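Counting along the sequence shown from 1, when you hit position 208 you're at 207 in numbering that gives the first Met the number 0, and nothing is skipped either side. A short worksheet on the structure shown next.
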Amino acid sequence: MPKFSLIIPVYNVEKYIKRCLDSVFQQSFKDFEVIVVDDGTKDNSMEIVKEYNVKTIHQENQGLSAARNNGLKKATGEYIFFLDSDDWIEKDLLKELNKSLKNHPDIVRFQAQEVFDEDNKIIKYPEKPFQNLEGPEAFKRISEYHYVENAWCYIFKREFYEKEKFQFKKGTLHEDFGLIPLVIMKAHTVNSIEYIGYNYFQRSGSIMNEKNYEKTKKKVEDIHNHYLYLIEEIDKTNLEDKVFKSFIANSFILKISELNHKDYQQYKKILKELEVYNHLLDDSLFRKIKKRLMKISPKLVKRIIK
């Protein structure tokens with residue numbers, strides 16, 4: 000059994016996939032397997048992939064969620080790692096992660112930096128590490144990090160992940176938001192290392208950067224549905240969930256600020272009907288003020304926190 004299974008969905012990334020795979024096969028720690036999921040790519044990405052020693056899965060275009068879920072079915076590693084095909088990792092990331100496995104954690108978190116394609120600008124996000132925390136306490140710490148729900152910020156023990164039957168929801172955007180917070184909360188042991196090992200590539204035209212209002216509405220709708228799912232699932236547990244519910248409520252509320260006036264007003268009514276604001280923490284003066292402002296105008300809060 001390899002220590003790590005790296006699952007890499009591929010769709011029209013011929014400009015980037017070589018850099019991604021090179022970063023994997025140049026790792027100083029060698030005990031891993033690579034599973035590339037061809038999500039019906041229409042370019043020459045898979046011709047490039049053929050040059051590497053990887054397992055491949057071919058599927059009709061179904062999106063990132065389905066690709067990750069299908070990649071997991073072929074994984075045999077002790078830990079799984081969801082790597083995006085236009086990003087890349089630092090050469091000692093797997094070595095540093097392996098050092099953190101002595102207490103057999105369900106999850107290990109590592110840190111990331113943004114790299115911009117236009118000017119190669121790099122923004123680092125160093126975070127304070129921790130060891131051996133249960134899910135709710137770990138989530139409390141991680142919720143203060145810059146990146147929280149991004150699946151590529153973590154490795155997951157496959158036994159734990161499969162036992163809980165975790166799945167990314169197919170056909171949705173913000174699929175990480177709809178799953179990863181719950182995965183963290185249900186973990187028995189979580190570590191976080193300070194090593195900045197992931198390069199998150201900011202490219203023009205990516206899903207996160209496209210400016211298309213129909214897609215914006217789809218994103219808000221999906222965040223809405225993810226929120227409902229997360230509330231339902233966390234209510235089935237006996238976990239301390241105040242920070243968790245505050246985080247997902249905050250994310251949902253701020254997301255509607257991207258809508259035009261008509262849709263924005265409609266979603267403000269939905270937030271009120273669902274009592275989403277009630278989940279926001281108000282245990283400090285700052286949070287009390289923020290909660291009050293959120294109820295008045297999520298758009299104003301979004302502008303202030305930028």
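The C-beta atom is built at its ideal place from N, Cα and C for all residues, glycine as well. Predicted model, so just to flag it, every value in this text is computed and none were measured.
In the structure shown, what three-state DSSP assignment does Lys294 receive?
Here the question's residue 294 lines up with position 295 in the sequence shown. Three-state DSSP puts Lys294 in a helix.
Using DSSP with H/G/I as helix, E/B as strand and the rest coil, what is Phe317?
The requested residue 317 is not part of the displayed model; the chain covers only 0 to 305.
C-alpha gap between Leu229 and Leu181, whole angstroms:
The residue given as residue 229 occupies position 230 in the sequence shown. The residue given as residue 181 occupies position 182 in the sequence shown. Distance between Leu229 and Leu181, taken at the CA atoms: about 7 Å.
Assigned secondary structure, Gly196 (DSSP; H/G/I helix, E/B strand, else coil):
By 1-based counting over the sequence shown, the position of residue 196 is 197. In this structure, Gly196 counts as strand in the three-state DSSP scheme.
Do the CB positions of Glu257 and Thr215 come within less than 8 Å of each other?
Taking the sequence shown and counting its residues from 1, one reaches residue 257 at position 258. Taking the sequence shown and counting its residues from 1, one reaches residue 215 at position 216. It is a contact, given that the beta carbons lie within the stated cut-off.
Based on DSSP bridge pairs, tell me the residues matched to Ser4.
As a first step, residue 4 is located in the sequence shown; it is residue number 5 there, counting from the start. Beta-bridge pairing links Ser4 to Glu32 and Ile79.
Alpha carbon of Ile62 to alpha carbon of Met293, nearest angstrom:
Start at 1 with the first residue of the sequence shown, and residue 62 comes out as number 63. Start at 1 with the first residue of the sequence shown, and residue 293 comes out as number 294. Per the sequence presented here, residue 62 reads as Gly, with Ile not at that position. One C-alpha to the other measures close to 33 Å.
Just the C-alpha distance for Tyr194 and Glu95, rounded to the nearest angstrom, thanks.
Position 195 of the sequence shown, counted from the start, is the residue given in the question as residue 194. Position 96 of the sequence shown, counted from the start, is the residue given in the question as residue 95. One C-alpha to the other measures close to 7 Å.
My assumption, with CB atoms under 8 Å, is that Gly76 sits in contact with Lys2. Please give the rounded CB distance.
Looking up residue 76 in the sequence shown gives position 77. Looking up residue 2 in the sequence shown gives position 3. About 6 Å separates the CB atoms of Gly76 and Lys2; that is less than 8 Å, so the two are in contact.
Hey, could you find the ends of the alpha helix (DSSP H) Arg67 is sitting in?
Residue numbering aside, residue 67 sits at position 68 when the sequence shown is read from its first letter. Unbroken alpha helix (DSSP H) run through Arg67: Leu63 to Lys73.
Alpha carbon of Glu213 to alpha carbon of Ser27, nearest angstrom
Locating residue 213 in the sequence shown gives position 214, where the first residue counts as 1. Locating residue 27 in the sequence shown gives position 28, where the first residue counts as 1. Approximately 44 Å between the Cα atoms of the pair.
Segment limits, beta strand (DSSP E) that includes Thr55
To locate residue 55, count along the sequence shown from 1; it is residue 56. Lys54 to Gln58 is the extent of the beta strand (DSSP E) around Thr55.
If you measure between the beta carbons of Asn249 and Leu279, is that distance less than 8 Å?
Position 250 of the sequence shown holds residue 249. Position 280 of the sequence shown holds residue 279. Taking 8 Å as the Cβ cut-off, Asn249 and Leu279 qualify as a contacting pair.
Residues in the same chain with beta-carbon distance under 7 Å from Asn69, minus the five sequence neighbours each way, listed in chain order, please.
Within the sequence shown, residue 69 is the residue found at index 70, counting from 1. Scanning its chain for C-beta atoms nearer than 7 Å, with the 5 sequence neighbours on each side dropped, one finds around Asn69 the residues Val36, Ile56 and Gln58, in chain order.
Using the three-state DSSP reduction, which class does Arg202 fall into: helix, strand or coil?
As a working mapping, residue 202 is identified with position 203 in the sequence shown. In the structure shown, Arg202 adopts coil according to DSSP, grouped into three states.
If you measure between the beta carbons of Ile255 and Pro297, is that distance less than 8 Å?
In the sequence shown, counting from the first residue as 1, residue 255 sits at position 256. In the sequence shown, counting from the first residue as 1, residue 297 sits at position 298. Yes; because the gap between Cβ atoms is below 8 Å, this pair is in contact.
Which same chain residues, not among the five before or five after His145, have their C-beta less than 6 Å away from its C-beta?
Residue 145 sits at position 146 when you count from the first residue of the sequence shown. Here His145 has Tyr124 as same chain residues with Cβ atoms under 6 Å from its own Cβ, once five neighbours each way along the sequence are excluded.
Among Glu126, Lys185, Asn131 and Asn224, which has the Cα closest to the Cα of Glu174?
Stepping through the sequence shown from its first residue, residue 174 is reached at position 175. Nearest option by C-alpha distance: Asn224.
For Asp234 and chain B, any beta-carbon pair shorter than 8 Å?
Of the protein chains in the structure, only one exists, and it is not chain B.
So within the stretch 70-152, which uninterrupted alpha helix (DSSP H) runs reach at least 4 residues, ignoring any that extend past its ends?
Qualifying alpha helix (DSSP H) stretches, in chain order: 92-98 and 134-141.
Supposed close pair Tyr78, Arg108 - CB separation, criterion 8 Å:
In the sequence shown, the residue the question calls residue 78 occupies position 79. In the sequence shown, the residue the question calls residue 108 occupies position 109. A Cβ-Cβ separation of about 12 Å leaves Tyr78 out of contact with Arg108 under the 8 Å criterion.
Through-space distance from Gln110 to Glu316, alpha-carbon basis:
Within the shown structure, residues of the chain are numbered from 0 to 305, placing residue 316 beyond reach of any answer.
From the DSSP output, which residues share a beta bridge with Ile154?
Against the sequence shown, residue 154 aligns to sequence position 155. BP columns for Ile154 point to Val107.
Report yes if the CB atom of Ile183 is closer than 8 Å to the CB atom of Ile106, and no otherwise.
The count along the sequence shown starts at 1 and reaches residue 183 at position 184. The count along the sequence shown starts at 1 and reaches residue 106 at position 107. Taking 8 Å as the Cβ cut-off, Ile183 and Ile106 qualify as a contacting pair.
For Val23, which three-state DSSP category applies?
Within the sequence shown, the letter at position 24 stands for residue 23. DSSP places Val23 in helix when its eight states are reduced to three.
If distances are taken between C-alpha atoms only, which option among Lys168, Phe80, Lys72 and Val12 comes closest to Val48?
Position 49 of the sequence shown, counted from the first residue, corresponds to residue 48. Checking every option, the nearest Cα to that of Val48 belongs to Val12.
Backbone secondary structure at Val9 - three-state DSSP
Sequence index remark: in the sequence shown, residue 9 carries index 10 (1-based). Correct three-state label for Val9: strand.
Please state whether the Cβ-Cβ distance between Phe167 and Ser64 is less than 8 Å.
Taking the first residue of the sequence shown as position 1, residue 167 is located at position 168. Taking the first residue of the sequence shown as position 1, residue 64 is located at position 65. In this structure, Ser64 lies closer than 8 Å to Phe167 by Cβ.
Measuring alpha carbon to alpha carbon, tell me which residue in Asn43, Met0, Gln25 and Lys290 is nearest Tyr15.
Working through the sequence shown from its first residue, we reach residue 15 at position 16. If we check each option's Cα against that of Tyr15, Asn43 comes out closest.
Just to confirm before moving on: does the CB-CB distance between Phe80 and Ile6 stay below 8 Å?
Along the sequence shown, one-based indexing puts residue 80 at 81. Along the sequence shown, one-based indexing puts residue 6 at 7. In this structure, Ile6 lies closer than 8 Å to Phe80 by Cβ.
Relative to the C-alpha of Ala74, which residue among Lys54, Pro104 and Ile192 is closest?
Translated into the one-based positions of the sequence shown, residue 74 becomes position 75. Closest by C-alpha distance to Ala74, out of Lys54, Pro104 and Ile192, is Lys54.
On a Cα-Cα basis, can you pick out the residue from Glu239, Glu220, Glu232 and Ser283 that is closest to Ile252?
The residue labelled residue 252 in the question sits at position 253 within the sequence shown. The shortest Cα separation from Ile252 among Glu239, Glu220, Glu232 and Ser283 belongs to Glu220.
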